[in-house]
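Here's the structure, in C-alpha cells; my notes come after.
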Amino acid sequence: MIPADGSQPSAARIYACLLGSKDTHRADREAAETLVSAFPSVRDSCRANRGFLLRAVRDLAAAGITQFLDLGSGLPVHPNVHDLARETHPDARVVYVDNDPAVVSHSQAVVDGGGVVTVSGDLRDPEAVLGNADVRATLDFTRPLGVLAVGVLHFIPGDVHAVIATLRDALAPGSCLAATHACSDTMSEQELDLGKAVYAQTANPVHPRTRTEIHDLFDGFDILPPGIVFPADWRPAPDIELYPETAHEILAGVGRLPAR
Ligand SMILES: C[S@@+](CC[C@H](N)C(=O)[O-])C[C@H]1O[C@@H](n2cnc3c(N)ncnc32)[C@H](O)[C@@H]1O
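Numbering (the working numbering), first residue to last: 5 to 264.
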C-alpha cells in the first residue's frame, strides 16, 4: 500500500491517486477528490504530465541514453522510468530521487535492485544530490545521462534556474534534460488562484512560472523538436498512449547538452 503519514496530503500521494493507482489509502483518494472538485482539470494535467515522462524516457533510451537521474520521482506507478528505459536497454541504470521520506522508503521497497536505486534528496540542494554516494556509484557522469525533472520544478520556490544550472554543469555532452512545469501564462487567473490555494494546503505549495521562465530552464541545452509544448503535444505516440489526456496548465520539453 502507498504509505500515508497521517497528516497533510502530499503531492506524491495525490498524484498517484490521480494517475489511477489502485494501491492507495482512502484518505489519499479523498484528498485527490477534494483537489479535483476545486480544480477539475488537475487530473488531466497530472496524467498528461506522466504521459510526457514515459514518452520522453522511451525516446531518450532510443537515442542511446542508458542511465537516468529522476528528480522528484514520486511513488512508483507502473510503468515506471526503469520499465520504459529497460524496454530498450535491459541494463539501464536509474536513480530515483525524492525528498518525501514516505516516497523514498516505499520506492526502495518496491523498485530498488539491479541498477535501480532510490535515494533521499532535495532538489533545492542540487550539490548534495550530485554528491550522493549512491548516485555516484550508480551513474557514470562522464557519459550522457537523462535527467528527468518532471512535475517537480514548480514545487521549488526561488531560483530554480540556478538549480538546473548546477545540474547541467555536472553533465557530460549529449546528456538530456526532460522537464515539465506549471505555466502561469496558459492558465486563467481563476485557475491559477485555485491551483495555488489547493496546493497551499499540502506539503508542497506550487509556484507556476511564465512561459519565458520555463523556456529559460533549458538554458545551455539545445531544445529538441517539437520544442516547449503542452505535454500531450510532445511527440504523441499511440503505442504508449497510456495517458492520452490533454492539459494546458503545464509545459513540457526536452533539451540536449551540446559539446562544449
Ligand atoms: C507530482 S510528483 C511527480 C512524480 C514524477 N516525477 C512524475 O512526473 O510522474 C512530484 C514529486 O516531487 C517531489 N518533490 C517535491 N519537492 C521536491 C524537492 N524539493 N526535492 C525532491 N523532490 C521533491 C514530491 O515529493 C513528489 O514525489
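We put the CB at the ideal spot given by N, CA and C, even for glycine. Predicted, not measured: the structure shown is a model, and the values here were computed from it.
| F234 to H29 span [Cα, whole Å] | Within the model, the alpha-carbon separation for F234 versus H29 is close to 31 angstroms.
| query | Alpha carbon to alpha carbon, what distance is there between A141 and V108? | reply | Each residue's alpha carbon lies about 18 angstroms from the other.
| Thinking just about the alpha-carbon of each residue, which of T38, A16 and L64 is nearest to the one in R260? | Considering only T38, A16 and L64, the residue with the shortest C-alpha distance to R260 is L64.
| Own chain partners of R90 with C-beta closer than 6 angstroms, once the 5 adjacent residues on each side are dropped | Spatial neighbours of R90 in its own chain (CB-CB distance under 6 angstroms, excluding positions within 5 residues in sequence) are listed in chain order as A96.
| query | Can you pull the DSSP bridge partners for Y100? | reply | Answer by DSSP bridge pairing, in chain order: D74 and T122.
| request: Per DSSP, which residues does C187 bridge with? Please list them. | output: C187 is bridged to R213.
| said: Whole angstroms are fine: how far does the CA of P177 sit from the CA of I18? | reply: Cα to Cα, I18 sits roughly 36 angstroms from P177.
| task | Rounded to whole angstroms, what's the CA-CA distance from H252 to N136? Just pull it up for me. | result | In this structure, the alpha-carbon of H252 lies about 35 angstroms from that of N136.
| Where DSSP assigns a beta bridge to A153, which residues make up the other side? | DSSP links A153 through a beta bridge to A183.
| Below 8 angstroms, can you find three or more Cβ-Cβ pairs linking the stretch 48–60 to the stretch 152–159? | Between the stretch 48–60 and the stretch 152–159, the count of Cβ pairs shorter than 8 angstroms is three or higher; the stretches touch.
| Can we say the stretch 38–52 touches the stretch 163–178, given the rule of at least three CB pairs closer than 8 angstroms? | With a cut-off of 8 angstroms, the stretch 163–178 and the stretch 38–52 do not count as touching, because too few Cβ pairs lie within range.
| message | I believe V101 touches V61 by the beta-carbon criterion, under 8 angstroms. Please report the beta-carbon distance rounded to the nearest angstrom. | response | The C-beta distance from V101 to V61 rounds to 15 angstroms, too long to fall under 8 angstroms, and the pair is not in contact.
| task | Ignore the nearest five residues each way along the sequence and tell me which others in V121's own chain have a CB closer than 6 angstroms to its CB. | result | Cβ within range, chain order: V99, D138 and T142.
| message | Per DSSP, what are the beta-bridge partners of G259 in this structure? | response | DSSP lists L181 and I227 as partners of G259.
| field | Buried versus exposed, by CB contacts within 10 Å (16 or more), S41 | value | Residue burial annotation: S41 is exposed, with fewer than 16 other C-beta atoms found within 10 angstroms of its C-beta.
| query | Would a C-beta distance cut-off of 9 angstroms place V81 and F72 closer than the cut-off? | reply | Judged by their CB atoms, V81 and F72 are not nearer to each other than the 9 angstroms cut-off.
| query | Does the separation of the CB atoms of A43 and E245 fall below 9 angstroms? | reply | The residue asked about is misnamed: residue 43 is Phe in this sequence, not Ala. In this structure, the beta-carbon distance from F43 to E245 does not fall below 9 angstroms.
| Whose CA, out of A256, P148 and A31, lies closest to the CA of G231? | Nearest C-alpha to G231: A256.
| field | Expected contact under 8 angstroms - CB spacing of A36 and F159 to nearest Å | value | The Cβ separation is near 17 angstroms, so there is no contact.
| request: Just the C-alpha distance for H110 and L79, rounded to the nearest angstrom, thanks. | output: Cα to Cα, the separation comes out at about 7 angstroms.
| message | Looking at ligand 1, does it come within less than 8 angstroms of G162, judged from the CB to the closest heavy atom? | response | Result no, Cβ not under 8 angstroms from ligand 1.
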